[in-house]
Structure formats: C-alpha cells, structure tokens
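Chemist:
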Amino acid sequence: MKASMDRRSFLKGAGTLALGGLIPLNLIEVAFGKDNPQNFTFGYISDSHLTHIKGTQFVRNWDHGLRRAVAELNMMDPKPDFVVYGGDIAQLGKKEEIDHGLEMLSSIRNKIHYVMGEHDYYLDLGKYWESQLGPQWYSFDHKGVHFVVLNSILTYPDWTYKRWPTAQERMHQMARLDNPQGSPFMVGEAQRAWMQQDLAKVSKDTPIVVLSHSPLYKIYKGWNFWTDDAEQVQALLQPFKKVTVIHGHVHQVLYNQIGNISFYAVMSTAWPWPYANTYTQAKSLVPKLTVPMNRADPFHERDATGWTSFDLANGHVDTHYQLWSNTDRTVAFNTRDGKPEDTVYQPEDKRIPPQTQY
Amino acid sequence: MNKFLFGTAIMAMTMAYGIPAADASSPPLGLPPVPIPADNPQTPAKIALGDKLFHDARFSSTGTISCASCHADAKAFTDHLPVAEGIHKLKGTRNTPTIINAAYFHLLFWDGREPSLEAQAKDPMVNPVEMGLKNHEPVLKIVRTDPAYQAMFKQVFGVTGNQVTMKQVLMAIASFERNVVSGDSPFDRYVYGGDKKAMSPAAVAGMSIFQNKGRCVDCHTMNTTYATFTDNRFHNLGIGSNELGTKKMQQLAMAFLASKAHRKEVDTTVLTNKDMSELGRFAVTGQLNDLGAFKTPILRNVAVTGPYMHNGSLKSLMDVVNFYNNGGVVKKGEKATVFQSGGIRPLGLTEKEKKELVAFLEALTSPQYVNDGPKSHIRSAASR
Amino acid sequence: MNFKHTRFFLSLTLGLGLGLAGTASAQADEFTNADLEQWQQDFAWTVKKGDRLFHSPLGSNTVSCDQCHPNAADTHPETYPKFQKQLGRVATLGDMINWCIQNPAQGKPMSLDDPRMIALEAYITYERRGVPLAPGKH
Numbered sequence: 001m002k003a004s005m006d007r008r009s010f011l012k013g014a015g016t017l018a019l020g021g022l023i024p025l026n027l028i029e030v031a032f033g034k035d036n037p038q039n040f041t042f043g044y045i046s047d048s049h050l051t052h053i054k055g056t057q058f059v060r061n062w063d064h065g066l067r068r069a070v071a072e073l074n075m076m077d078p079k080p081d082f083v084v085y086g087g088d089i090a091q092l093g094k095k096e097e098i099d100h101g102l103e104m105l106s107s108i109r110n111k112i113h114y115v116m117g118e119h120d121y122y123l124d125l126g127k128y129w130e131s132q133l134g135p136q137w138y139s140f141d142h143k144g145v146h147f148v149v150l151n152s153i154l155t156y157p158d159w160t161y162k163r164w165p166t167a168q169e170r171m172h173q174m175a176r177l178d179n180p181q182g183s184p185f186m187v188g189e190a191q192r193a194w195m196q197q198d199l200a201k202v203s204k205d206t207p208i209v210v211l212s213h214s215p216l217y218k219i220y221k222g223w224n225f226w227t228d229d230a231e232q233v234q235a236l237l238q239p240f241k242k243v244t245v246i247h248g249h250v251h252q253v254l255y256n257q258i259g260n261i262s263f264y265a266v267m268s269t270a271w272p273w274p275y276a277n278t279y280t281q282a283k284s285l286v287p288k289l290t291v292p293m294n295r296a297d298p299f300h301e302r303d304a305t306g307w308t309s310f311d312l313a314n315g316h317v318d319t320h321y322q323l324w325s326n327t328d329r330t331v332a333f334n335t336r337d338g339k340p341e342d343t344v345y346q347p348e349d350k351r352i353p354p355q356t357q358y
Numbered sequence: 001m002n003k004f005l006f007g008t009a010i011m012a013m014t015m016a017y018g019i020p021a022a023d024a025s026s027p028p029l030g031l032p033p034v035p036i037p038a039d040n041p042q043t044p045a046k047i048a049l050g051d052k053l054f055h056d057a058r059f060s061s062t063g064t065i066s067c068a069s070c071h072a073d074a075k076a077f078t079d080h081l082p083v084a085e086g087i088h089k090l091k092g093t094r095n096t097p098t099i100i101n102a103a104y105f106h107l108l109f110w111d112g113r114e115p116s117l118e119a120q121a122k123d124p125m126v127n128p129v130e131m132g133l134k135n136h137e138p139v140l141k142i143v144r145t146d147p148a149y150q151a152m153f154k155q156v157f158g159v160t161g162n163q164v165t166m167k168q169v170l171m172a173i174a175s176f177e178r179n180v181v182s183g184d185s186p187f188d189r190y191v192y193g194g195d196k197k198a199m200s201p202a203a204v205a206g207m208s209i210f211q212n213k214g215r216c217v218d219c220h221t222m223n224t225t226y227a228t229f230t231d232n233r234f235h236n237l238g239i240g241s242n243e244l245g246t247k248k249m250q251q252l253a254m255a256f257l258a259s260k261a262h263r264k265e266v267d268t269t270v271l272t273n274k275d276m277s278e279l280g281r282f283a284v285t286g287q288l289n290d291l292g293a294f295k296t297p298i299l300r301n302v303a304v305t306g307p308y309m310h311n312g313s314l315k316s317l318m319d320v321v322n323f324y325n326n327g328g329v330v331k332k333g334e335k336a337t338v339f340q341s342g343g344i345r346p347l348g349l350t351e352k353e354k355k356e357l358v359a360f361l362e363a364l365t366s367p368q369y370v371n372d373g374p375k376s377h378i379r380s381a382a383s384r
Numbered sequence: 001m002n003f004k005h006t007r008f009f010l011s012l013t014l015g016l017g018l019g020l021a022g023t024a025s026a027q028a029d030e031f032t033n034a035d036l037e038q039w040q041q042d043f044a045w046t047v048k049k050g051d052r053l054f055h056s057p058l059g060s061n062t063v064s065c066d067q068c069h070p071n072a073a074d075t076h077p078e079t080y081p082k083f084q085k086q087l088g089r090v091a092t093l094g095d096m097i098n099w100c101i102q103n104p105a106q107g108k109p110m111s112l113d114d115p116r117m118i119a120l121e122a123y124i125t126y127e128r129r130g131v132p133l134a135p136g137k138h
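Chains as they are written, first to last, in our numbering: chain A, 1 to 358; chain B, 1 to 384; chain C, 1 to 138.
1. I need the straight-line Cα distance from K283 of chain A to S60 of chain C, nearest angstrom please.
2. Counting only beta-carbon atoms, is Y358 of chain A nearer than 9 Å to chain C?
3. What does the Cβ neighbour count give for S26 of chain B, buried or exposed, with the cut at 16 atoms within 10 Å?
4. With 16 as the cutoff for other CB atoms within 10 Å, does N371 of chain B come out buried or exposed?
5. Please report the residue range of the alpha helix (DSSP H) in which I406 of chain B lies.
6. For the alpha helix (DSSP H) containing Q67 of chain C, list its first residue and its last residue.
7. Within 10 angstroms of the Cβ of A22 of chain B, are there 16 or more other Cβ atoms? Answer buried if so, exposed if not.
8. Taking Cβ positions, are N273 of chain B and R94 of chain B nearer each other than 9 Å?
9. Between L108 of chain B and V143 of chain B, what straight-line distance do the alpha-carbon atoms span, to the nearest angstrom?
10. Using the three-state DSSP reduction, which class does E103 of chain A fall into: helix, strand or coil?
11. Give me the chain A residues within the contact set of T296 of chain B, using Cβ-Cβ distance strictly less than 7 Å, ordered along the chain.
12. Just to confirm, is the Cβ distance from H220 of chain B to T296 of chain B under 9 Å?
13. What residues in the region 202-217 of chain B bring their beta carbon closer than 9 Å to a beta carbon of chain E?
14. What's the C-alpha gap between S383 of chain B and L87 of chain C?
15. Are the C-beta atoms of I53 of chain A and some chain C residue less than 9 Å apart?
16. As an exercise, report each continuous beta strand (DSSP E) stretch of at least 3 residues that is fully enclosed by the region 159-203 of chain B, in chain order.
17. Per DSSP, which one or two residues make a beta bridge with Q57 of chain A?
18. At least one CB of chain A closer than 9 Å to the CB of G130 of chain C: is that the case?
19. In whole angstroms, what is the alpha-carbon distance linking N36 of chain A and N314 of chain A?
20. Under DSSP, the alpha helix (DSSP H) around H119 of chain A begins and ends at which residues?
21. Over what stretch of residues does the alpha helix (DSSP H) that includes L177 of chain A continue unbroken?
22. I'd like the list of long-range same chain contacts for E29 of chain A, defined as Cβ closer than 6 Å, with 5 residues on each side in sequence excluded.
23. Do you know how far the Cα of T343 of chain A is from the Cα of Q238 of chain A?
24. Along chain C, in chain order, which residues have C-beta atoms closer than 7 Å to that of Q238 of chain A?
25. Decide if the region 51-61 of chain B is in contact with the region 163-183 of chain B; the criterion is three or more beta carbon pairs, one per stretch, under 8 Å apart.
26. What number of angstroms, rounded off, separates the C-alpha of W99 of chain C from the C-alpha of Q346 of chain A?
27. If you check the beta carbons only, do N151 of chain A and G126 of chain A fall under 9 Å apart?
28. Counting only Cβ-Cβ distances shorter than 9 Å, please list the residues of the region 95-111 of chain C near chain A, keeping chain order.
29. Output yes if chain B places a C-beta closer than 9 Å to the C-beta of L58 of chain C; else output no.
30. In terms of DSSP beta bridges, what is P340 of chain A paired with?
31. Is the distance from the Cβ of Q357 of chain A to the Cβ of R129 of chain C below 9 Å?
32. Let's test the definition: count the other Cβ atoms within 10 Å of the Cβ of G87 of chain A and tell me whether it reaches 16, buried, or not, exposed.
33. I'd like to know if the region 238-258 of chain A and the region 208-217 of chain A are in contact, where contact means that at least 3 CB-CB pairs between them fall below 8 Å.
34. How about I89 of chain A and L50 of chain A: do their beta carbons lie closer than 9 Å?
35. Count the other CB atoms within 10 Å of the CB of W45 of chain C; is the residue buried (16 or more) or exposed (fewer)?
36. Is it right to say L36 of chain C is buried, meaning 16 or more other beta carbons lie within 10 angstroms of its own, or is it exposed?
Okay, structure coming up:
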C-alpha cells in the first residue's frame, strides 16, 4: 500500500471487501498520512419511517430495515467516530413511533447526532423530538471539520398553523409525498440568520459539512425533493473552500455538485423512492451526475434500501452506500475534477441494465 | 456426426453403461439446453470415463469413499443424510446436494465457492472429512498407471503417462455430471407437454400457490418454456443462522474477517467447523449481503433428495413448507436474525394449501427417480 | 329504383320514423361531441376514484401504493403484458397490482374486473399518458 496511492484507486482495489467499515480503515490513514487529523469515518442511518399500526404492532417491513442497519453499523471495525440519524424515524410523528425507533437505535455503540425529518415534525411541531433529542438545529466540530445540522423541512406559517383543523390532519397531509395540497420545504429566515452567525466564527479554510433532511437544492417540487430557499442557504456556504451537504428524504442514491458544494443523499432503511425524472407528466431537475441505483425487485423487501457510511479525508467526503441485496456503491470526491464520482460506474460504458430508470 | 447418429450413439452408451441418456441438443421436457463449456464438449467416451472416475473409491485416503459414496446413484445422487459422512464416517457440516441437473448452476457448492463442475470436483478429494487425500497425487498415480484408465484417457484426450493431468480428470467427471439431467416430471408434462391429466388437482392447486401466495417463484424460478427452479443466487432463509442469533452471527463474521482466511482454506473451514459453516457465502465474498446466505437449490426431484436445507435440518417437505409459512422460523414465534432475506415473511397458508404445495413439489420428480427417496419417505397419494 | 334513390327513401323513412318517435338524433355508430364529453367525464371520474384508492391503504398494514410509487411513478404500465419475475409468468398490469396488494400491502387480491381494479388501472395509466407502448420491456 503506497503512501502516494490516491484514494479512488485504493477503494477500487479493495474490491468486494470494500465494505466502508469492514475494510481495515487504518490502511486508509496509513495511505493518506496518519498525521492528518482530519481523516475520520462516520456512519449514517436515515428515513426509517416506523409505522405504528395498533398496540405494539408496527409495520414489519420498516422495522426490519432499521434493525438490520443498526446491527450492520455495529460491525464496522474500527468503530466510526460517530453516527448521524438523518430524519424520519417515525412515519406519522407519533410518540410510539419515535420511541420505537430510539429503542432500536439505543444499541448503537456511538454518539448519535439527530437530524429532524418532516415525518417527525408535523404532528406536534417537534415538541416530543426536542424533549428526547435536543434542539432542531445546532452545530458541532469534529477533528477540524465544522458540522451544521439544520431543520430544512419547515414550511410557510399559514400552512403550518392555520390550514389544517387538527395536528393529525396536518401530519397526514405532509406525509403524502405527491400531495397537490403540500407545501414546499424551507430552512427559513430564522435558521438562516442563525447559520450566518454560526458560520461567521469559522475560517474559510475549515471544511464544512451540512446535515439536513431535505436536499438543499431543487430537484422536483411536486415531491418536495426541494428546499424553497436553497439558493440563499447555498449563498451562505459559498465563501467556504470545502463544503458538503448530506441529506436524506429522497430514499435513493443521488449526488450533485453545485459550485463549491458537494451534495450526497443517504439511503433509507425502509423503502426506495423513484427518481423524479421517471414521472413523465412534469419536469424535474435530477442531477445528470448521478448514476442511479439499481431498480428494486419488490419481492426482496430490503432491495434498494440500506445505510451509508462516510469517509472524511482532506476536507472532502467519500460516500459508501451499503446497499442490501445489491453490490455496494462508492461515490468519492474527485479532487482533480472537483465533484463526486462513482468509483466504478461513472463512465457511460460502465453502466449496467438495472441502473436504467424510466 | 449428424444429430441422429449422435443421438443413437448416446442411446448405445446408455445400454452399455447404464447411463441415463441425455442429448445436449434436445434437453428433457421442461429444461433449457444444458450449458456445455466450449473447451469441454460432451462425448460418450468422456461421459463413460467420468462415470468410472465418479465411482472410484481409490481416490480416498481409506480407499472406501468415492464421489458416489455421498452422491449415490440409487438415492437420486444424494445420501439421504442430514450432513455428509466421509472417511471414517467423519461428519461434515452440510447436506449433500444432488448432481441431477447441477449442470444448470452457475456456481457450485452451497456457497458458490467454485465456478464450474470441473473446479468443484477436485475439492472433496482433498477435504479432511470427505475423501481425505493430502493432495491429488494419489489420483494421478492411479489414472496414469491403471490400464483401464490408460486406455480411456488415451481415447478421450489423446494423452498418456505424465500428460494425464487433473485437468482431464476433472473434465471427464464434469462431463459425466452434465449428462445427469432430468425433466419430464408430472409438472413438466402438465405445463410444457400440455397433458392436463399429468398432475393431480391438488398439485395443480399447489402450483398456483407456488406462484402466488407461497412466494416461491421469485427465487425458485419458472419460465415460459422451461423451469430450472433456481435463480442462481444466494439467500439467507434463517436456517442455521436463526439458531445462532444475530449477535453470534456478527461475532462469527468479524472473527472470520480478522483471521483473513484465504480462499483455499474456505473449503476445509466451512466443512469442519459447524459455526463457520453458517457464514454461508459470506465466507467466500466477505459481503454482508451474503452473511448466512446459501444457494437456491433446483427443486426438481426434491421429494426424493431429502433431508432439506444446507444443513439437512428439515426432514420432510411439510417441514419445509411450515418453515416458510412461519416466516422463516422452525417454530412459530421464534426469532430470525436481522440478516434474513427480505423475501422471507409469514405466508398465512391454510392446512389445505400447505398440503397442495407439498403435492406440487412431489410432482417435480422425474420418472426415473421416483423410487429413490429415503426409506422413511411417504409419498402423499395426492401427488400421483 | 336505383341505389341512390333507395338510400334516400331509407333515410327518409328512418328520419320520419325517428321523428314520429319524438327524438331527432344521429345513427347508432355516430357518436357526438356531447357523447365524447360524457365519456371523458366517466373516465375522469374513474381516474379520480383510482387516485383515491392508490393513495389509501389497500391491505392490512397501512401501506399505500403511493409510498413507493408517488404519482404512480415506477409502475411502467406501458410495458405490460410482460414476464413478471415475481409471478414467474407473462402477466398483465392488473396481475401486478394484485401482487402489490397482497405482498407489500399484505392485503387480499381483487378480481380483475372489480371496479376498484379498473379505477386503479385508469389512474396508473393516466399518470403515464403519452408514453409509447413497450410491451415486454423490463
């Protein structure tokens, strides 16, 4: 293992054993400089959508997904530095659902940083969530990287406070993805102001990683793969040299580069969403850069779901998609081209039939 | 040689050697053409040589175990034991698969660790609990010096003395195995032969369950003009791994990776260590998706090749149906590991539906194997 | 009497006959714009019904179709009939709808001529309007 080997070719060479965590990660550090304090790994579980049916009965399928993600993440050796939960523990924001999820997540042997999702928020506007997990937006630093956690699934006050007769109705309306009566997500003025202040204390050379639920760019408004004030949030991040946004919500392999910001979606443990450009009656902006994930066989309930682990090295992030029932995918930051790139499938002639989405 | 003469030659070989006739160009009813590698074409003489090698007990350290000891002709090429027993009756960890229709597999062994019939045949010879040889030298000595083998190797491969290598031994054995294919079961005659009386009403109902409520067909595949009943993939059903539990499976997996066991040792490790055997294909690929996963068997002749599953833990077909019906656990209410395939779930079959499903499975037996089941096997009247 | 005259007398008779019956309208196979409008409404009503069904739990576990198929995306109705791996045979859209009801939604299948099935098919195909037929495409 030559010290000068570039990260991408190392990962390619690791072949089928490149399980993000199960490859001996100390090898990466040897390759890229043990003395570089900014190399580390974190795990990411997201979008479990645990659904309460009645009594102690929950939807089997979603329960299985979260349990499996927790068990596999616990097998990462060496342990990741920390874990992030990317939002949507619950499906309808119920206490039973949040508690059920937190109980399963309690066997994770790391500190977990939580990101709020709309399915957690719209029943009680985050009250139970905050009581268990703390503030809806916050920041923290780790090994020289500044992490900003946002609640990016807020929406217009009218829709939130006045439009619906009951909290349950509001939650049901937000729960439906293709809802013509939905309302677009946003970070909002208050949070943007807080973020501006927070970032003012950070040097422009410090790598920034933003963790949000919805993508902080615009893909398809009809499914709320969208953040209304994305441009304003991106503007706040523009002065920094190395910026990554990691988001959930879309339940698919998705990645993009806008200016200085790399965007990565994480997998859901519950179910996959289609790519927005497969809805033929409307226009959407699915990034051309993304090599799609394999289409699922719905017979295999864990197909097109999974969890994600991230290597952070030299301020940029490499994404390891742990895909159940499928070959894992690695999307690494290409320092020469300045954007994310799948380590196997990025060239057009390397694509395989299951990646064809239509 | 035109097709007709070739076919006649095959028939002649059948009579001379008692080998079931199979013409690669017209497969049995219900099966696709047998995949034949370009560098190992079928000839009657090669098949006969492979037959002889397959039945030769001298290829073991005790001189008592041949391939056919476990893959016994009269037992539908299995041994009707839960796990195989080799030299000195040493027990392995896995159930002996039948060689019937093994030609249709893409990978061999329960965990797919060998890519072809040729590659597979060499491993049991040097496995300590199977045929027990230290290496293949004793095999080479015999085939190079035994006059009968000398003549056959000369005739088939044009080689003598030290030109005879394991490569040719394995090609001949694979060739014999490729000739053991069978279709033409009551199911085949009903679906592909158009004989609407070939299956009983119970079996016909069972076939519908197989394709619908039973959730069988996604892995045990059927196509429009033939059915191999395998997707050639690997799945964790929960057999074996459930008993160990999620925590133990995690520990075994991590211990295995830490020990950096190499491919060569996998054959020995998984057949001598019961716990390690439960890693399944994970021991070959190191992929978490393969943890506790085993190859989807071809269901043809399943009624006569029990007991079932990679560790032979299920005795009867009804036991198998109950296992699936319970959602991949032996007793209702037991827990499965988190690594269980997402295709496994409780089925909600009625007693009647379970019996019909069993009747369908019994209709997959080819006529020549109908009497080769375990002595304790009772065929339900519904399958006839 | 030549043909031309026959036709004239026939239409006259029919016209008078219908006149005598009290209604003046087109022939049986001449549908009007009003007919078209009416039939479009019938269809649109069925699409709406299918939309409601598609967005409601059709099984026993609260799961609804739109959870995997927002706006019926990823259903590919234009590719049916095709070999459907989950069914092990060439199948129709209705067959696959039933598979989804029974499997992810843990519900009971409908008969293929059930008005609810027809409504679902109407909605699914409507959300895919304009996409060329591609039977057999996986």
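Beta carbons: idealized from backbone N, C-alpha and C, even for Gly.
Modeler: The structure says:
1. 35 Å
2. yes
3. exposed
4. exposed
5. There is simply no residue 406 of chain B to check, as chain B begins at 1 and stops at 384 in what is shown.
6. Where Q67 of chain C is concerned, there is no enclosing alpha helix (DSSP H), given that its DSSP letter is neither H nor E.
7. Low local confidence applies: a pLDDT of 49 at A22 of chain B is under 50, so the model's placement there is unreliable, with the coordinate-based value given in what follows. When all chains shown are included, A22 of chain B counts as buried.
8. The Cβ atoms of N273 of chain B and R94 of chain B lie no closer than 9 Å to each other.
9. C-alpha separation (whole angstroms): 25 Å.
10. E103 of chain A falls in the helix class under three-state DSSP.
11. In chain order: nothing, as chain A lies at least about 13 Å away.
12. yes
13. Chain labels in this structure do not include chain E; the protein chains are A, B and C.
14. At S383 of chain B, the pLDDT of 40 sits below 50, so the modelled position is not reliable; the number obtained from the coordinates is stated separately. Rounded to whole angstroms, S383 of chain B to L87 of chain C spans 23 Å at the Cα level.
15. yes
16. none
17. A:K54
18. yes
19. Annotation note: pLDDT 48 at N36 of chain A (below 50); position unreliable, coordinate value reported separately. Distance between the alpha carbons of N36 of chain A and N314 of chain A: 8 Å.
20. Run containing H119 of chain A: E118 to Y121, per the alpha helix (DSSP H) assignment.
21. Unbroken run through L177 of chain A: none, as it is neither H nor E.
22. Because the pLDDT of E29 of chain A is 37, which lies under 50, any placement of that residue in the model is unreliable, and the number read from its coordinates should be weighed accordingly. These residues qualify, in order along the chain: N39.
23. Straight across, the Cα-Cα distance linking Q238 of chain A with T343 of chain A is about 27 Å.
24. What Q238 of chain A touches in chain C: nothing, since even the nearest Cβ is about 32 Å away.
25. yes
26. 34 Å
27. yes
28. W99, C100, N103, P104 and Q106
29. no
30. A:F333
31. Going by C-beta atoms, Q357 of chain A is not nearer than 9 Å to R129 of chain C.
32. buried
33. yes
34. yes
35. exposed
36. exposed
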